[in-house]
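Contents: one structure, followed by commentary.
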Amino acid sequence: MLNGEIRSKVDQVWNAFWAGGIANPLEVIEQITYLLFMRGLDDIQTREENKANTLGRPIERVIFPEGVYRTVRDEETGEVKEEIPYSALRWSRFKNDDPARMFAIVSESVFPFLRDMAEKGTAHAEHMKGARFTIPTPALLAKVVDMLAEIPLEDRDTKGDLYEYMLGKIASAGQNGQFRTPRHIIRMMVEMTAPTPKDTICDPASGTCGFLVAAGEYLRDNHPALFRDKELLKHFHEGMFHGYDFDSTMLRIGSMNMQLHGVESADIRYRDSLATGHADDADKYSLILANPPFAGSLDYETTAADLLSIVKTKKTELLFMALFIKLLKPGGRAAVIVPDGVLFGSSKAHKAIRKMLVDDHKLDAIVKLPSGVFKPYAGVSTAIVFFTKTNSGGTDHVWFYDVQADGMSLDDKRQLLVAEDKFGPLPKVGLSEDEHAKNNLPDVVARWAERAGAERDNPRTGQSFTVPREEIAEAGYDLSLNRYKEVVHEATDHRPPKEIITELLALEDEITAGLKELEAML
Numbered sequence: 001m002l003n004g005e006i007r008s009k010v011d012q013v014w015n016a017f018w019a020g021g022i023a024n025p026l027e028v029i030e031q032i033t034y035l036l037f038m039r040g041l042d043d044i045q046t047r048e049e050n051k052a053n054t055l056g057r058p059i060e061r062v063i064f065p066e067g068v069y070r071t072v073r074d075e076e077t078g079e080v081k082e083e084i085p086y087s088a089l090r091w092s093r094f095k096n097d098d099p100a101r102m103f104a105i106v107s108e109s110v111f112p113f114l115r116d117m118a119e120k121g122t123a124h125a126e127h128m129k130g131a132r133f134t135i136p137t138p139a140l141l142a143k144v145v146d147m148l149a150e151i152p153l154e155d156r157d158t159k160g161d162l163y164e165y166m167l168g169k170i171a172s173a174g175q176n177g178q179f180r181t182p183r184h185i186i187r188m189m190v191e192m193t194a195p196t197p198k199d200t201i202c203d204p205a206s207g208t209c210g211f212l213v214a215a216g217e218y219l220r221d222n223h224p225a226l227f228r229d230k231e232l233l234k235h236f237h238e239g240m241f242h243g244y245d246f247d248s249t250m251l252r253i254g255s256m257n258m259q260l261h262g263v264e265s266a267d268i269r270y271r272d273s274l275a276t277g278h279a280d281d282a283d284k285y286s287l288i289l290a291n292p293p294f295a296g297s298l299d300y301e302t303t304a305a306d307l308l309s310i311v312k313t314k315k316t317e318l319l320f321m322a323l324f325i326k327l328l329k330p331g332g333r334a335a336v337i338v339p340d341g342v343l344f345g346s347s348k349a350h351k352a353i354r355k356m357l358v359d360d361h362k363l364d365a366i367v368k369l370p371s372g373v374f375k376p377y378a379g380v381s382t383a384i385v386f387f388t389k390t391n392s393g394g395t396d397h398v399w400f401y402d403v404q405a406d407g408m409s410l411d412d413k414r415q416l417l418v419a420e421d422k423f424g425p426l427p428k429v430g431l432s433e434d435e436h437a438k439n440n441l442p443d444v445v446a447r448w449a450e451r452a453g454a455e456r457d458n459p460r461t462g463q464s465f466t467v468p469r470e471e472i473a474e475a476g477y478d479l480s481l482n483r484y485k486e487v488v489h490e491a492t493d494h495r496p497p498k499e500i501i502t503e504l505l506a507l508e509d510e511i512t513a514g515l516k517e518l519e520a521m522l
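Residue 407 in this note's numbering sits at position 407 of the sequence shown; the count goes up by one each step and never skips.
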């Protein structure tokens, strides 16, 4: 976790951006992302130089070559005023310049350099093609650079936490129904799907790459041996993580998020997941984690034909379900957030996709989330669907869990209701019964592990229970939890009507007597 001092510095810079006229939080993060990227490039070159000096051989990977990057000429005479060497573009150099000089170097040389790298197809500059420098003043740039220079980014955890803290400041929904998935919900989904070192993980609506980052952190915590295995390590950095998005800002932010969390070459690329054919990615991934946008309807003309062949619909949430099935390899598993309508919608397409999950694949679980989980972005009711692609059925019992509290208030403020060490799906200390009522997530993870055992005997009056496949089929493949949950009504003893009438008449007599007494006094 970031200490209070670093958080305070980030807040100060954030406020300075706002005071400088940059009010869009995504733009603030984007500008800081570019500077972090420049610092990262300088760190790579420094490591390469140290390695070359130690081994006594030439540098293998040159980012900032020798020589002049740009020549500045007088507009009237054409005479050379200054030559800007590549070395002047390095973070370690320009961070020590005075604000005016730094501003000129970064705006006129560093950003064109980033775009040049992108045009040349350099892997680590892939998402910098549209890089624009929008920091308005030298003073603000100096303040941001000083803040980033003081943060020890050699530590992967600090880098990751810094970025997560900034991403937490995105306080408004983006376009196309995008909104940020709460990190504790992501961690719960990752815990339940338990990624392995050999998994190939995809999020087809990756945004800031929160799901992929959480999966990487899970592997670091639970499979540290993979970092000592050359093949598994190569797979972790280059072949494990795949994310698609069609928002270039999100691609830049997501790509930087992966780099800062220690994944060097994640496959984060531009793709309109619902409009592009998927022949090259079909049956490719062993784990899908996603919270796709629920933007409503698309035209058939703009929708990928291979998805329409699975389910004929214009609804984006159903098309994404078809996409998940298409992308998973047989035996691959998925944990995806869907709006409640997917579970009980009565259209032909809704029923078809649910029937497919239950009859053609293995539907594992439905975890219903409280409707306030995505506030302040949206108040939509959602659920997490867990399934395994089999192409041959396999659904036996479906496990249901009714999450009533996630550890935070379910209003727009979303304040913590439990102490930090008791928050999230894996709290550091156990929860009491009262605390469980405020944070159900640890119970979800614990009971998930027992879904094929003790959970089978749970009564349907509890928070979790299982329903056999046959019963779901008989109910028209309705997957809403309330369809199967039993509500126990407490018996209430009512007094006999005659007794109540007698009591009312006695009260009326008392009132009449009182009024007569009052009249006599007057």
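C-beta: ideal position from N, C-alpha, C; glycine also.
Contacts around residue i, its chain only, beta-carbon distance under 6 Å, and the 5 residues preceding and following it disregarded
i, result
"V72", "K81, E82"
"S371", "G379, S381"
"I511", "none"
"G174", "Annotation note: pLDDT 45 at G174 (below 50); position unreliable, coordinate value reported separately. Nothing meets the Cβ criterion."
"A520", "none"
"S172", "For S172, the predicted model reports a pLDDT of 45, less than 50, meaning its position is unreliable and no value from the coordinates is stated."
"P376", "D412"
"E503", "none"
"A23", "none"
Proximity below 9 Å, CB of residue i to CB of residue j
i, j, result
"I44", "R61", "yes"
"F423", "H184", "yes"
"V398", "V338", "no"
"F387", "L369", "no"
"S273", "F246", "yes"
"A215", "V190", "yes"
"L153", "L36", "yes"
"L251", "A275", "no"
"N440", "D406", "yes"
"T196", "L219", "yes"
"T33", "I253", "yes"
"K351", "Y285", "no"
"D360", "L327", "no"
"E75", "I59", "no"
"T137", "F103", "yes"
"Q470", "S464", "Just to set this straight, residue 470 is Glu in the shown sequence, not Gln. No. Outside cutoff."
"Y244", "D203", "yes"
Own chain, CB closer than 7 Å to residue i, minus 5 neighbours either side, in chain order
i, result
"R523", "Because the chain is modelled from 1 through 522, residue 523 falls outside the range shown and cannot be assessed."
"G130", "S248"
"K312", "A349"
"K95", "V145, A149"
"R451", "A365, W399, T466"
"L505", "none"
"A335", "M189, M192, T193, L289, I384, F386"
"Q484", "The residue you asked about is not Gln; residue 484 is Tyr in the sequence shown. Counting only Cβ-Cβ distances below 7 Å, and skipping sequence neighbours, we find F400, R460, V467."
"K438", "A405, G407, L417, V418"
Candidates the options, of which the one nearest residue i by Cα
i, options, result
"D443", "A454, A452, G453, L431", "L431"
"A365", "G341, R101, T395", "T395"
"R269", "N458, A149, L162, A205", "A205"
"K169", "L26, I511, K516", "L26"
"S265", "D283, I253, H235, A279", "H235"
"R115", "I105, N50, R132", "R132"
"L319", "A419, V342, L41", "V342"
"E66", "G254, T77, L89", "L89"
"L287", "Y244, S255, G332", "G332"
"M166", "K230, F211, Q31", "Q31"
"P99", "E435, Y86, L141", "L141"
"D161", "I6, N482, R414", "I6"
"S8", "L522, T158, M147", "M147"
"E486", "D402, H436, D434", "D402"
"D267", "F227, L212, A139", "L212"
"V429", "S92, D97, D421", "D421"
Residues near residue i in its chain [Cβ-Cβ closer than 8 Å; skip 5 each side]
i, result
"R527", "The question about residue 527 has no answer here: the residues shown for the chain are numbered 1 through 522."
"E517", "none"
"P425", "H184, R187, M188, E191, L441, P442, V444, V445"
"D509", "none"
Any contact between the region 291 to 311 and the region 323 to 332? By contact I mean 3 or more CB pairs, one from each, below 8 Å.
The region 291 to 311, when compared against the region 323 to 332, does touch it at the 8 Å Cβ threshold.
In chain order, each beta strand (DSSP E) run of at least 3 residues that lies wholly inside the region 375 to 438:
At a cut-off of 3 residues, the continuous stretches assigned as beta strand (DSSP E) that sit fully inside the region 375 to 438 are 382 to 388, 397 to 402.
Which ranges does the alpha helix (DSSP H) cover as unbroken runs of at least 4 residues, wholly within the region 54 to 108, from first to last along the chain?
Taking 4 residues as the shortest admissible run, the region 54 to 108 contains the following complete alpha helix (DSSP H) segments, listed from N- to C-terminal end: 91 to 94, 99 to 105.
Just checking, does the region 341 to 348 make contact with the region 301 to 310 on the three C-beta pairs under 8 Å criterion?
Taking 8 Å as the limit for Cβ pairs, the verdict is that the region 301 to 310 does not touch the region 341 to 348.
Which residue spans inside the region 272 to 304 form an unbroken beta strand (DSSP E) run of at least 3?
If we require 3 residues or more, the beta strand (DSSP E) runs fully inside the region 272 to 304 come out as 285 to 290.
Could you say if the region 304 to 313 and the region 255 to 267 meet the contact criterion of at least three C-beta pairs nearer than 8 Å?
Contact between the region 304 to 313 and the region 255 to 267 is absent, because fewer than three Cβ pairs lie under 8 Å.
Just list the beta strand (DSSP E) runs in the region 211 to 273, keeping only unbroken ones of 3 residues or longer that don't cross its boundaries, in chain order.
The beta strand (DSSP E) runs lying completely inside the region 211 to 273 and spanning 3 residues or more are 241 to 245, 267 to 270, given in chain order.
Indicate whether the contact test is met: 3 or more Cβ pairs, each with one atom in the region 462 to 478 and one in the region 497 to 514, closer than 8 Å.
Using a Cβ-Cβ distance cut-off of 8 Å, the region 462 to 478 and the region 497 to 514 are not in contact, since fewer than three pairs of beta carbons, one from each stretch, lie closer than that value.
Write down every uninterrupted run of the alpha helix (DSSP H) in the region 490 to 521 whose length is 4 residues or greater and which is fully enclosed by it, in chain order.
Counting only runs of 4 or more, we get 497 to 521.
What residue ranges within the region 435 to 492 form continuous beta strand (DSSP E) runs of no fewer than 3 residues, ordered along the chain?
Correct list: 464 to 468.
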